[in-house]
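Protein chains in written order, with the numbering used here: chain V, 99 to 208; chain A, 3 to 116.
In this text, a Cβ means the ideal position worked out from N, Cα and C, and glycines have one as well.
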């Protein structure tokens, strides 16, 4: 069973606008949530994370929001840039056990 | 970039043949992981290692074995490859195994089993 779900396989936004990527999880024991970015033919790279005791973490253009009651997190990218076009994976960890979502392909159009 | 290499980067093999994938790191990180990436599933953990000769199973370990004889090398073996093992395989490393657990990934190995 998938404990981490990204229900939108793809998202297309205009350059300069906001990109919002969503992720839902089922396991209430997850204590850290992470976002990874992946370009074609490369491995995923870490983008931003949030502890389960927080509800928001910001790093430059990237902000992650966590709603524990809804078991939902989202990644906001503002403003979106063409270089942000990639596949974004949501991940959730409980100690060593990290579970990934299926990914959302973001396309930022110039 | 974290020093992680994977070899080979691409491999085509036939059903029933053994296959070994290699992950090599220069970061001296204690923890190493093997994942497979498949459409609709994201990345799924196959096996991980928490030290030399210390390994454990992940979510999708059936049909795979691993070995770690040196800190820097983590090998993934498919004893008898099947078509369902066609996938992209990623190795990852991390310093910490608990809490904030950023992992650094290698470039991946694309394996095709005919």
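Check, Outcome
"Contact belief for residue 105 of chain V with residue 125 of chain V at Cβ below 8 Å, rounded distance in angstroms", "About 17 Å; that fails the 8 Å criterion."
"As assigned by DSSP and simplified to three states, the class of residue 112 of chain V", "strand"
"Exposed unless 16 or more other CB atoms sit within 10 angstroms - verdict on residue 115 of chain V", "exposed"
"Bridge partner(s) assigned by DSSP for residue 187 of chain V", "V:134"
"Min CB distance residue 109 of chain A to chain V below 8 Å", "yes"
"Helix, strand or coil at residue 63 of chain A according to DSSP, with G and I counted as helix", "coil"
"Three CB pairs or more closer than 8 Å across the region 145 to 160 of chain V and the region 195 to 202 of chain V", "no"
"Chain A contact residues for residue 200 of chain V, given Cβ-Cβ distances below 7 Å", "42, 43, 44"
"Residues of the region 24 to 39 of chain A whose Cβ lies closer than 7 Å to any Cβ of chain V, in chain order", "none"
"Assigned secondary structure, residue 182 of chain V (DSSP; H/G/I helix, E/B strand, else coil)", "helix"
"Rounded C-alpha distance that separates residue 140 of chain V from residue 110 of chain A", "7 Å"
"Backbone secondary structure at residue 9 of chain A - three-state DSSP", "strand"
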